[in-house]
Amino acid sequence: MTIKTLDISPVGRVEGDLDVRVEIDDGQVVNAWTHAELFRGFEVILRGKDPQAGLIVTPRVCGICGASHLTSAAWALDTAWGTEVPRNAILARNLGQIVETIQSIPRYFYGLFAIDLTNKKYQHSPFYEEACRRFAAFTGKSYEIGITISSKPVEIYALFGGQWPHSSYMVPGGVMCAPTLTDVTRAWSILEYFRTNWLEPVWLGCSLERYEQIKTYDDFMAWIDENPNHANSDLGFYWRMGLEIGLDKYGVGVGKFVTWGYLPHEDRYQKPTIEGRNAATIMKSGVYNSFTDTHVLMDQSFTRENTIRSWYDEGTADVHPFDRTTKPSQKNTKDFDKAYSWSSAVSHEQFGRLEAGPLARQLVAGGEHGESWQHQDGFILDAFKQMGGANIHIRQLARVHEIVKLYRQAEHCLREFKLNDPWYIKPQEKDGRGWGATEASRGALCHWVDIEGGKIKNYQIMAPSTWNIGPRDGEGCKGPIEEALVGTPIFDPTDPVEVGHVARSFDSCLVCTVHAHDAKTGEELARFRTA
Amino acid sequence: MSFLNAEEPTACDLIADFGINILWHPSLGLELGTNLQNMLWDCISGKIPLDILVFEGSVINAPNGTGEWNRFADRPMKDWLNDLSKVANFVVAVGDCATWGGIPAMSPNPTESEGLQFLKRTKGGFLGKDFHSLSGLPVINIPGCPAHPDWITQILVAIATGRISDISLDELHRPETFFKSFTQTGCTRNVHFAYKASTAEFGQRKGCLFYDLGCRGPMTHSSCNRILWNRVSSKTRAGMPCLGCTEPEFPFYDLKPGTVFKTQTVMGVPKELPTGVNKKDYALLTMVAKDSIPAWAEEDFFTV
């Protein structure tokens, strides 16, 4: 059997490098390992630096989630310094987070995910030719408009933060900007443009108001059948094609989900504390356990990291991130029975390994837990139950479902700004521990900061991919993507596009290379890049 | 990702209209089904001509010069880079990591990072100070964190349309057309700069960010305020001090305690003065400016 190497490159440091190794036996994946192959050392660099260094360094951790890192970095300092954050500043931070995520949705869907639907594996699908017309990279009619329009929402970010990506306009005590009415009206016009040129006509095929009537999976399927505009919108078309080609059949994962919650309410988090955050966010935090169908709140104190299978010399115990020391091993020899990744294995002290991402957010949004005023939406939880659990297809639906809600949240921010009220209250710098969190487009993100003697003693970042791509933990349990890959049916072992679908459905932060091996002989069957 | 925000041309137009065939890109590459590793070896052997090698990210040498902390397909990234740079007509370094090492190369530089032809301001870097690509040009540096998408696309279009010989590079290999003028050039706060009217703290509607908040606009070379970001604004216009991210020293002062968003001063005078201004003249200028400051320069100016 020839080794097929579809995509390997020396380029691409922005998102980092992830390798996935799978063993295939009898037409299905029987074992999997995810290993991050790039060490960047941001935690090491931040040690001993100015307390605010995270505001400059961490947005640059990632080219597409800079606002999310900035949000986490700013709130972490706010909790450490005990600042007061004015209402306007909370709204301006939220708006930055929201428009970054809105940007990411079409960019991810068209640029990274939907191009796989043009794979030759699906050439016999009745949807195939139309999929190629819409989703072919660079030339597909939806690809082109979707990628191009994805640059619009972040124009709003630039109005408030100066530029996207890599602004540092969120600072402890508020924001740097003091926008004018024109900034608000221009932002509103950009939102409208986005809605009337892509979101409604291309993506939904209906008004936002009609889409918002969907409350259950049955509602959604009825919506598709109701009108050809719905069925033939990119959303309707994608959903029908995905069912036809079986994207709903695999990619289950660990069955337990986590979100930090996000978008602190402008009137409820002006005196930010770590403990007060759960009761202050519009989108609530939580862990959803699908085996018991229960929701509970999430708290940073439950987080544990284990590095026994990672290239760090930090012992074998599960530790809280405040107790991490980030000591990279000099020799990063790859050994799948020992250490094989720069990522740590993250877990919840009671629930173990958890999946992060839009699906996790939406499953938690369906819970009855939390405050009565917090956002609640049962659509994706209902679809999850009707479909019998997680799969590739519902991960996409959860992601794209959020765009309408976030659009409304952006409108809320623009309506609520009181332009002549303060945007910043100068804080007192002091030592202490802080924690800031948000939800990046691709899932739960948070930063821990420990300030001592006026400088950073310890800075720890936990990205969504840290949850998802982590290697096996101290008990030998697989990470969420490793687990989701097991059982994946492989149609053509020399071109296991299905593995790519599963890995991509997590929208990992890392450029990802998949290695497929024969389980019996160990022979390499294929190797290709996903996202 | 910044690159995807480009307009005139957009990323899609760049490919469709200017005949640039992207052989591979970490996020946009799509040729699933073709043998890209072989393709790279074909580039290295000369079977496939490689017109432009665009590199982002620092060159990681850790641990101990082996580059094993950044592997791709069981091979250190830097080995791929070494091979490909020899066969490319043009080599373009995009972003601070690829140009000078950037944040990864900041003290203590745990990944032993460097740029393609520089480490901070020192010429050399990974490819060495004498490196020239097959076209005869050294590495073209497009710095910035991030680089402005327009800087990238215009250079690519210049190469694609045969106009690259018009380019002039400064001593740091930056195209002067973008990096001769200052970040301050075109800033809406220039009138406040002239009268030394300061923005004392964030969230204000007046003043210049240079005097108290550490803005590096007068000492940084870029066209940010001439071409704007995301078509609409710039950091300094929106109230954020310029961090000097197109210069090799970024992040300045290695972000030591007390240096972030605070102008470094000696006896109340900025430690670093606008490029080309000496201390004596600056003191004179300050006196004159403060004497002649009009009342409006100290009132709210960018009002609702």
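Chains A and B are the protein sequences, given in the same order. Number 148 in the working numbering belongs to position 148 of the first sequence; there are no gaps in the numbering. Heads up: take any position in the second sequence, counting from 1, add 1000, and you land on the working numbering. Ideal placement from N, C-alpha and C gives every residue a C-beta, glycine not left out.
With respect to chain A, the C-beta atom of Cys-1187 (chain B) has no partner C-beta closer than 7 angstroms. Distance from the CA atom of Tyr-407 (chain A) to the CA atom of Asn-1070 (chain B), rounded to whole angstroms, is 39 angstroms. Gln-460 (chain A) sits in a strand when the DSSP states are folded into three classes. Judged by DSSP in its simplified three-state form, Ile-149 (chain A) adopts helix.
If the five residues before and after Asn-232 (chain A) are omitted, its C-beta is found closer than 8 angstroms to the C-beta atoms of Gly-205, all from its own chain and listed in chain order. DSSP places Phe-257 (chain A) in the uninterrupted beta strand (DSSP E) bounded by 256 to 259. DSSP places Pro-1076 (chain B) within a strand segment (E or B) once states are collapsed to three. In this chain, Glu-402 (chain A) is not harboured by any beta strand (DSSP E); it is covered by the alpha helix (DSSP H) spanning 392 to 416.
Just so you know, the alpha carbons of Pro-106 (chain A) and Arg-210 (chain A) end up roughly 20 angstroms apart.
Chain B has no Cβ within less than 7 angstroms of the Cβ of Glu-266 (chain A). Neighbourhood of His-501 (chain A) in chain B, by CB distance below 8 angstroms: empty, with the nearest CB roughly 12 angstroms away. For Thr-180 (chain A), the nearest CB of chain B lies under 7 angstroms from its own CB, placing it at the interface with that chain. Look at Cys-1208 (chain B): its C-beta is not under 7 angstroms from any C-beta on chain A. Flagged as an interface residue toward chain A: Phe-1202 (chain B), by a C-beta distance shorter than 7 angstroms. Beta-bridge partners assigned by DSSP to Gln-28 (chain A): A:Asp-25, A:Pro-489. Of the residues A:Glu-37, A:Ala-73, A:Ala-32, the one whose Cα lies closest to the Cα of Pro-51 (chain A) is A:Ala-73.
In summary, Ala-80 (chain A) is buried, with 16 or more beta-carbon neighbours lying within 10 Å of its beta-carbon over all protein chains present. Taking the beta carbon of Met-1219 (chain B) as reference, no residue of chain A falls within 9 angstroms; the closest one sits roughly 17 angstroms away.
Contact residues of the segment 433 to 461 of chain A toward chain B are Gly-454, Lys-455 (C-beta to C-beta distance below 7 angstroms).
Residue environment for Asp-234 (chain A): buried (at least 16 other C-beta atoms within 10 angstroms of its C-beta). When the Cα atoms are used, Gly-261 (chain A) and Thr-1111 (chain B) turn out to be separated by approximately 34 angstroms. Residues of chain A whose Cβ lies closer than 8 angstroms to the Cβ of Thr-1259 (chain B) are, in chain order, Asp-50. The continuous stretches of beta strand (DSSP E) do not include Ile-1048 (chain B), and DSSP gives it neither H nor E. If you compare the alpha carbons of A:Glu-192, A:Thr-333, A:Ala-89 with that of Thr-1066 (chain B), the shortest gap goes to A:Thr-333. Taken in chain order, the members of the segment 1243 to 1274 of chain B whose beta-carbon sits within less than 7 angstroms of a beta-carbon on chain A are Leu-1243, Pro-1251, Leu-1255, Lys-1256, Pro-1257, Gly-1258, Thr-1259, Val-1260, Phe-1261. The C-beta of Gly-286 (chain A) comes no closer than 7 angstroms to any C-beta of chain B. At a C-beta separation below 8 angstroms, Leu-1004 (chain B) has these neighbours in chain A: Arg-107, Gly-111, Ile-147, Ser-150, Ser-151. Around Ile-1044 (chain B), no beta-carbon contact reaches into chain A at under 8 angstroms, the shortest distance being about 11 angstroms. Contact annotation: the segment 338 to 354 of chain A touches the segment 243 to 257 of chain A, with at least three C-beta pairs closer than 8 angstroms.
Residue pairing by DSSP places His-320 (chain A) opposite no residue, since no beta bridge is assigned to it. At least 7 angstroms separates the beta-carbon of Gly-286 (chain A) from that of Gly-357 (chain A).
Chain B places no beta carbon closer than 7 angstroms to that of His-124 (chain A), leaving this residue out of the contacts. Taking every protein chain shown into account, the CB of Val-1277 (chain B) has fewer than 16 other CB atoms within 10 angstroms, so this residue is exposed. Distance from Ile-1060 (chain B) to Met-1077 (chain B) at the Cβ level is roughly 7 angstroms; contact confirmed, criterion being Cβ atoms closer than 8 angstroms.
With contacts defined by Cβ atoms closer than 7 angstroms, Asn-88 (chain A) and Cys-413 (chain A) do not form a contacting pair. According to DSSP, Pro-264 (chain A) shares a beta bridge with A:Thr-281.
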